[in-house]
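Notes follow the structure.
6 protein chains.
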Amino acid sequence: MFYHDGGKLQYEVKVEKPNAAFANALQQAIGGVQGEIRVCLQYMFQAWGARGPKKYRDMLLETGTEEMGHIEMLATAVALNLEAAPASMQEAATEDPVVHAAMGGMNIQHAISTCMAAMPVDSSGVPFNCSHVYASGNVAADMLANVTAESTGRMLAVQLYKLTDDRGMKDMLSYLIARDTMHQNQWLAAWEELGGPKNHPIPSNFDQNLEAKDFSYSFLSFHKDKDAEIPTGRWSQGKSMDGKGEFSQKSMEPFGGVPDLGPGSEKAAVQKKQEEKDDDSFLNLNSVF
Amino acid sequence: MFYHDGGKLQYEVKVEKPNAAFANALQQAIGGVQGEIRVCLQYMFQAWGARGPKKYRDMLLETGTEEMGHIEMLATAVALNLEAAPASMQEAATEDPVVHAAMGGMNIQHAISTCMAAMPVDSSGVPFNCSHVYASGNVAADMLANVTAESTGRMLAVQLYKLTDDRGMKDMLSYLIARDTMHQNQWLAAWEELGGPKNHPIPSNFDQNLEAKDFSYSFLSFHKDKDAEIPTGRWSQGKSMDGKGEFSQKSMEPFGGVPDLGPGSEKAAVQKKQEEKDDDSFLNLNSVF
Amino acid sequence: MFYHDGGKLQYEVKVEKPNAAFANALQQAIGGVQGEIRVCLQYMFQAWGARGPKKYRDMLLETGTEEMGHIEMLATAVALNLEAAPASMQEAATEDPVVHAAMGGMNIQHAISTCMAAMPVDSSGVPFNCSHVYASGNVAADMLANVTAESTGRMLAVQLYKLTDDRGMKDMLSYLIARDTMHQNQWLAAWEELGGPKNHPIPSNFDQNLEAKDFSYSFLSFHKDKDAEIPTGRWSQGKSMDGKGEFSQKSMEPFGGVPDLGPGSEKAAVQKKQEEKDDDSFLNLNSVF
Amino acid sequence: MFYHDGGKLQYEVKVEKPNAAFANALQQAIGGVQGEIRVCLQYMFQAWGARGPKKYRDMLLETGTEEMGHIEMLATAVALNLEAAPASMQEAATEDPVVHAAMGGMNIQHAISTCMAAMPVDSSGVPFNCSHVYASGNVAADMLANVTAESTGRMLAVQLYKLTDDRGMKDMLSYLIARDTMHQNQWLAAWEELGGPKNHPIPSNFDQNLEAKDFSYSFLSFHKDKDAEIPTGRWSQGKSMDGKGEFSQKSMEPFGGVPDLGPGSEKAAVQKKQEEKDDDSFLNLNSVF
Amino acid sequence: MFYHDGGKLQYEVKVEKPNAAFANALQQAIGGVQGEIRVCLQYMFQAWGARGPKKYRDMLLETGTEEMGHIEMLATAVALNLEAAPASMQEAATEDPVVHAAMGGMNIQHAISTCMAAMPVDSSGVPFNCSHVYASGNVAADMLANVTAESTGRMLAVQLYKLTDDRGMKDMLSYLIARDTMHQNQWLAAWEELGGPKNHPIPSNFDQNLEAKDFSYSFLSFHKDKDAEIPTGRWSQGKSMDGKGEFSQKSMEPFGGVPDLGPGSEKAAVQKKQEEKDDDSFLNLNSVF
Amino acid sequence: MFYHDGGKLQYEVKVEKPNAAFANALQQAIGGVQGEIRVCLQYMFQAWGARGPKKYRDMLLETGTEEMGHIEMLATAVALNLEAAPASMQEAATEDPVVHAAMGGMNIQHAISTCMAAMPVDSSGVPFNCSHVYASGNVAADMLANVTAESTGRMLAVQLYKLTDDRGMKDMLSYLIARDTMHQNQWLAAWEELGGPKNHPIPSNFDQNLEAKDFSYSFLSFHKDKDAEIPTGRWSQGKSMDGKGEFSQKSMEPFGGVPDLGPGSEKAAVQKKQEEKDDDSFLNLNSVF
């Protein structure tokens with residue numbers, strides 16, 4: 054169950070010079086794949102589905118609740134930036150260059166669809182799609198998904214910081230950037246606590262003896278030229294990160310044949326010619342098994 | 054530029070007992086958010102946009118090429134599993150329980166739209182959407198996105214392994230699971246090589262002095278009851294993971310006021326009443342800045 | 054800014070007999086267009102963009118906060134219902150009819166993608182898309198959007214109530230249905246307070262003298278037979294609902310001509326033949342204006 | 054079954070000064086969520102699924118047919134506005150400010166993908182998605198969905214009217230605005246005829262005694278501070294709008310406990326640690342039921 | 054402008070034995086990518102944007118109007134098939150096998166979201182997305198898009214015909230299949246009239262001398278083994294289909310180098326290491342141009 | 054199984070004057086419905102599901118592999134064009150007109166989300182959606198889908214060629230245009246080899262005697278005025294294209310009645326009034342069958 058605080062904001066949101074194009078750029082931080090709706094729902098769904106040690110569930114709920122307040126801050130920032138949106142094309146075209154640029158980069162829906170308010174869309178106007186809420190139920194996988202989200206989220210906030218010279222906006226973004234710093238550290242800490250690289254391979258409750266072990270720690274090259282140099286690094290030799298194998302590398306070749314799905318079936322809506330057996334097909338994998 | 058090998062498969066794909074419902078489950082590994090189309094395009098786009106040290110680009114290209122072959126294997130597996138798809142509802146209803154179950158869990162489009170072949174959709178029939186191709190251009194963030202994808206990808210492959218008792222399918226999956234093991238290790242190794250936790254906060258080319266530093270390493274609690282226990286762990290005290298701060302925790306309270314967007318503007322399509330100033334609004338952040 | 058309560062639920066959520074197919078049906082109430090993610094974000098975005106009298110903003114914030122707790126309840130209900138999900142197809146096929154039916158109607162992703170937890174998708178597995186968050190910025194239009202959402206939301210909850218015979222689930226749904234009753238009344242009350250039908254036509258800040266007034270209160274029939282009976286009702290005669298006109302009805306005929314867009318332009322990628330002027334085109338609206 | 058009239062338009066569509074940016078803005082009225090494709094298909098699907106009194110079905114069919122003609126008018130308007138689209142970037146950059154602005158605000162796909170014709174997309178270029186076709190089968194709920202659609206539709210048309218100073222476009226929009234006025238009244242009239250607020254709670258064929266009645270007419274506050282003022286209005290006291298209850302208000306507290314989903318299952322792809330029972334989990338709702 | 058006929062159908066739609074699973078399969082013909090909403094809007098948008106000879110526009114308008122009536126027929130068929138939908142899970146589980154199968158294959162939303170009516174979605178419940186409305190503005194390309202749509206549309210109708218043994222449904226489908234036969238012929242005829250293969254390459258108003266002509270009529274092989282056999286057929290030798298070249302075939306090799314995008318820019322949110330120049334990068338295409 | 058060539062490109066990709074707006078336009082050729090991701094995956098999925106004569110499968114695999122290399126070229130072109138992207142709004146506003154225009158037409162995500170790299174989206178920023186991968190399993194239908202894709206693909210490439218005056222970009226596009234010329238010819242050749250128009254109606258393995266033959270070769274007019282002229286052409290008389298019928302034309306009239314779905318069911322969430330039988334409904338098709 055959740056509560057609000059009468060609309061008070063986590064941190065101040067002020068705009069010195071409203072700018073409709075910057076309002077549009079801010080939308081990426083609301084409804085983009087790196088944005089706040091995503092992390093809010095992601096942490097919430099991870100919490101609500103959490104099985105196992107309770108503290109991860111609790112931590113997820115804390116930070117999911119924090120992120121809801123970040124959406125609120127950004128939605129406020131968008132609305133305040135839209136106060137300078139031009140009302141007509143004539144107005145935009147004849148104004149000074151800055152207003153003019155704003156018209157070019159603004160989302161026209163802010164003028165014609167929302168009465169100058171934020172929308173749950175990204176900076177291209179594409180609505181947020183909840184398939185981006187990654188909640189796998191495996192706590193270690195989820196921690197990694199969260200570090201990733203906060204890394205791209207901070208990248209975005211940093212770029213927005215550079216894009217504007219509005220002091221109010223820079224101040225608000227300095228807070229959001231700081232929180233992204235913490236959250237990157239927080240999810241890494243949880244992942245570390247669970248074992249860090251030793252957690253892997255995820256999921257840990259599957260018997261690795263059932264894997265095709267020859268391929269479990271080998272970097273495979275697919276360069277057409279078998280003698281081409283294979284890119285080397287920490288991944289090409291030494292102990293594997295999970296401590297369960299030794300890295301190697303090799304040039305790959307096919308271990309399977311050419312599949313033959315056989316002729317088209319009369320059950321299916323094919324052309325008559327497809328129903329005939331092709332004489333030079335070499336192998337019907339299924340029939341020879 | 055890319056090449057093929059006349060259709061030869063990386064690893065054998067055989068099906069003992071075709072099963073239309075398992076064909077549908079396999080679709081998740083093709084077109085799901087954890088699936089092979091996603092990782093193939095993700096590694097490719099990361100490679101094609103890579104700026105900086107060349108070896109990461111090369112490695113990404115190698116593994117992106119590998120994944121294209123995984124889609125091919127899975128598409129073959131789906132087609133082979135569809136050979137037992139019932140052709141009519143009558144047939145399905147009167148058959149033995151296993152065929153019957155298959156009908157229940159199959160994707161009817163395999164029968165009516167594709168002539169018994171795979172589609173680039175997930176196991177709910179939702180087409181893959183390329184917004185899931187995460188390629189941020191920041192090499193460390195991209196490595197994390199990749200570990201995440203391979204972690205959820207291996208989870209999926211493991212569940213598919215448990216779901217079937219077809220020997221051919223278990224064999225194919227044992228290969229894919231092994232590759233996911235390697236890829237988790239591979240991306241972790243690259244991330245480690247770039248500095249591991251010391252890479253953070255991502256992006257590393259932004260001056261942390263511009264952050265609101267009071268909030269950079271503090272776990273914030275949003276429990277309504279200020280005295281409630283805050284979930285503790287590696288994230289609540291000690292050196293931060295990036296080595297640049299010290300973890301702390303606190304109960305959060307609002308640092309901002311209640312925003313007031315003011316009355317509706319006549320530029321916008323509001324109700325007349327909204328255009329009046331509300332007397333008891335307490336603060337117009339914008340005007341007092 | 055928002056707070057949580059350590060995960061306590063608004064109302065009890067218990068499941069007597071876990072049922073994976075019912076878990077799937079419940080997903081519609083989470084991620085369907087009539088579901089709780091939609092209303093939660095809808096009321097929040099309406100609040101965050103509200104201009105004009107403050108009390109509507111406050112009310113929206115209250116109920117948006119309530120809805121976040123409803124998502125939490127439903128996500129819990131889904132997770133509890135998934136405890137009986139079959140782990141393999143063999144298991145499902147040989148079980149008793151009820152488990153078997155469950156397999157037929159379950160979302161296989163609950164077994165292979167989420168470790169038996171809820172997802173932000175509907176009962177077809179389609180992820181929620183934020184374009185359904187209707188927040189127009191016009192307070193009266195928004196109230197109507199909200200009554201609509203709560204009406205279809207209650208319809209859904211009622212059907213879920215009928216679908217199950219689990220006492221725990223019926224109890225939880227009786228609470229959600231009650232809240233939908235209140236919310237329908239609440240948004241209607243706000244709409245009434247703003248003037249009810251007299252609010253219309255929305256938006257009220259546009260001068261109706263600029264409309265093509267002959268068409269403002271007339272029900273138009275498009276039956277191909279001019280003498281066919283026109284459907285009559287409250288809309289066909291008497292004072293209009295907004296009190297600003299008198300209803301009438303008429304059989305429509307075209308007031309415009311046939312448009313002629315002229316020949317294809319060499320600017321465009323057309324066929325050469327399209328670039329020639331067609332002799333029997335009757336009217337180029339643009340050129341005669 | 055439907056008929057056309059050789060392409061004659063319902064109302065004149067003329068463009069004085071083609072403007073590619075306005076063409077883009079008009080797309081919102083074609084393929085936006087408030088646009089004409091939506092209402093056309095919405096009224097059609099409501100009609101085709103209508104059960105119960107025939108006159109609502111007939112009325113829906115009439116207006117659905119009308120809306121198809123509105124799409125036609127707008128598509129014509131877009132095509133006529135595109136005649137001034139610049140053919141190259143060079144041309145755009147060196148032209149006068151108005152053309153230049155047009156380039157900034159135009160949809161480049163109009164130049165590179167459609168040979169200067171309308172598309173079924175909104176003004177951000179996002180294709181219309183039929184999940185917005187609301188047809189619940191409950192006639193009262195559908196009437197409300199329709200009033201909502203016409204309210205936001207008229208808001209949009211009004212904003213487009215303000216955006217342009219083209220006489221032809223203003224004339225066309227004055228017709229569409231008038232029709233939106235009628236349609237708002239029409240759907241409200243049908244809703245009123247069915248009982249107006251007395252129709253509620255929707256659906257009306259569910260026994261309200263099965264609701265958790267304590268919560269059916271109470272405005273709940275979720276302010277973290279129990280003593281905070283609750284927003285008051287028509288919804289906080291007096292007879293409820295449906296006439297079936299009395300409004301009240303209260304500060305909410307949790308009636309449910311903290312859910313405990315228990316340890317992760319070996320059926321699922323979790324980490325081994327999740328499979329252990331957490332000692333300090335307080336309540337497994339499922340087991341105590 | 055469009056008209057209706059009081060709801061009369063183009064052809065009879067009767068259902069002998071309602072079947073909820075078949076209702077779901079029929080949805081593919083309404084909202085699938087091969088379905089009737091697609092062709093209806095596709096022909097309409099092609100007509101509304103048609104530039105050049107008027108008769109193509111007229112023909113498109115005719116058939117677009119026909120397709121609207123096909124959606125109506127199918128929506129009616131879905132509603133009639135849903136009359137046997139089970140009302141509860143208990144009911145489904147204990148019924149005879151046919152009803153039971155129906156439950157397995159039905160779209161549960163037909164029971165919980167639409168009051169037993171059709172939706173604009175496909176047989177997986179995925180809403181139709183208007184990006185499938187192909188209207189390029191090039192009349193020859195559009196005719197080909199239309200033959201394609203009618204080919205896959207007829208495939209679908211044929212499979213639905215096989216799936217059911219309901220006499221009413223078979224009769225309705227025999228009509229739709231016949232219309233698809235005509236429409237395939239119709240669009241081919243128009244394409245032929247415009248020049249058939251001689252229309253190509255589309256678009257015809259671009260000077261082929263500007264192409265890299267060495268590659269215009271050559272089948273390229275990308276087999277990794279330069280000596281592998283290249284698949285031969287009508288495309289590998291002889292006059293090209295457009296009559297403007299001679300087919301040939303060759304094994305492809307790269308004509309471009311390895312791109313080097315250079316170091317990461319400080320404008321971007323990269324890692325510091327990416328900002329350094331990589332010593333062994335071999336070529337910066339941009340700088341050497 | 055697939056191979057790469059160390060990143061070498063099929064053809065040179067150079068950019069003289071980076072232009073962020075042109076980078077955005079190029080995105081249409083990557084992630085648009087006419088773009089290279091679509092054809093790459095389309096040919097691959099057609100190959101992987103091919104049943105019947107092996108040579109079509111082989112040919113599809115060849116060209117699918119080629120298209121992967123085209124995505125690579127375009128992604129490189131986008132990255133090189135982004136080097137002039139402005140880093141702040143201030144910078145954009147004060148620069149010369151060309152840079153300024155670029156800001157207007159650029160995708161701001163290139164600056165804030167990707168570190169100046171390509172994304173799998175179209176020129177409106179809409180991500181590619183794999184529902185556009187048409188692979189029907191019927192080889193003739195698939196060849197037509199492919200000609201269509203290459204026709205609109207070439208239209209797009211031609212428009213991009215006109216849009217730019219950068220010599221490097223024009224050179225790259227001249228190659229892609231040439232390949233589209235070949236591919237149009239190639240798929241037409243395969244279709245011709247399979248029988249050309251004689252392939253039709255597709256699918257060819259369905260007995261045409263089961264069609265409602267009166268409607269199989271007749272152009273139907275839906276003009277409301279029965280005496281209106283019907284558009285004539287190759288489709289209105291003479292032998293049908295498939296050689297199996299004779300074209301005719303007629304003015305259509307309804308062969309079906311008005312459907313009556315009967316009263317609402319108490320199974321559904323309707324209003325009570327809908328549950329009553331409507332006295333003047335004329336026909337319940339289902340009950341009279």
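Chains as they are written, first to last, in this note's numbering: chain F, 54 to 342; chain D, 54 to 342; chain E, 54 to 342; chain S, 54 to 342; chain H, 54 to 342; chain G, 54 to 342. Idealized CB from N, CA, C, for every residue including glycine.
What's the call for residue i, buried or exposed, on a 16-neighbour Cβ count within 10 Å?
{"i": "T40 of chain H", "result": "Only positions 54 to 342 of chain H appear in the structure, and residue 40 of chain H is not among them; the question remains open."}
{"i": "N262 of chain H", "result": "exposed"}
{"i": "Q95 of chain E", "result": "buried"}
{"i": "R220 of chain H", "result": "exposed"}
{"i": "E299 of chain G", "result": "exposed"}
{"i": "V152 of chain G", "result": "At V152 of chain G the pLDDT is 46, less than 50, meaning the model places this residue with poor confidence and gives no usable figure here."}
{"i": "G190 of chain G", "result": "buried"}
Tell me the DSSP secondary structure of residue i in three-state form.
{"i": "E299 of chain D", "result": "strand"}
{"i": "L62 of chain D", "result": "coil"}
{"i": "V174 of chain F", "result": "strand"}
{"i": "N72 of chain F", "result": "coil"}
{"i": "P250 of chain S", "result": "helix"}
Following the continuous beta strand (DSSP E) through residue i, name the residue where it begins and the one where it ends.
{"i": "H57 of chain G", "result": "55–57"}
{"i": "L273 of chain H", "result": "271–274"}
Comparing alpha-carbon positions, which option in the options lies nearest residue i?
{"i": "N252 of chain S", "options": "G:K297, G:V323, G:A170, G:Q302", "result": "G:V323"}
{"i": "D260 of chain D", "options": "F:A231, F:A193, F:T116, F:S269", "result": "F:A231"}
{"i": "P71 of chain G", "options": "G:R110, G:M222, G:I161", "result": "G:M222"}
{"i": "A198 of chain F", "options": "F:E89, F:M208, F:G206, F:Y187", "result": "F:Y187"}
{"i": "L133 of chain D", "options": "G:R104, G:M126, G:M169, G:R110", "result": "G:R104"}
{"i": "Q237 of chain F", "options": "D:H276, D:M294, D:G190, D:A202", "result": "D:M294"}
{"i": "K61 of chain H", "options": "H:A74, H:T129, H:K108, H:L213", "result": "H:T129"}
Beta carbon of residue i: closer than 6 Å to some heavy atom of the ligand ADP?
{"i": "W240 of chain D", "result": "Questions concerning the ligand ADP fall outside what the structure shown contains, since it holds no ligand whatsoever."}
So residue i is in the alpha helix (DSSP H); what residue range does that whole segment cover?
{"i": "V25 of chain G", "result": "No answer is possible for residue 25 of chain G: the residues shown for chain G start at 54 and end at 342."}
> Along the chain, which unbroken stretches of the alpha helix (DSSP H) at least 4 residues long are found entirely within the stretch 91–168 of chain E?
Replying inline: Counting only runs of 4+ residues, the alpha helix (DSSP H) found wholly inside the stretch 91–168 of chain E occupies 107–134, 142–147, 150–158, 161–165, in chain order.
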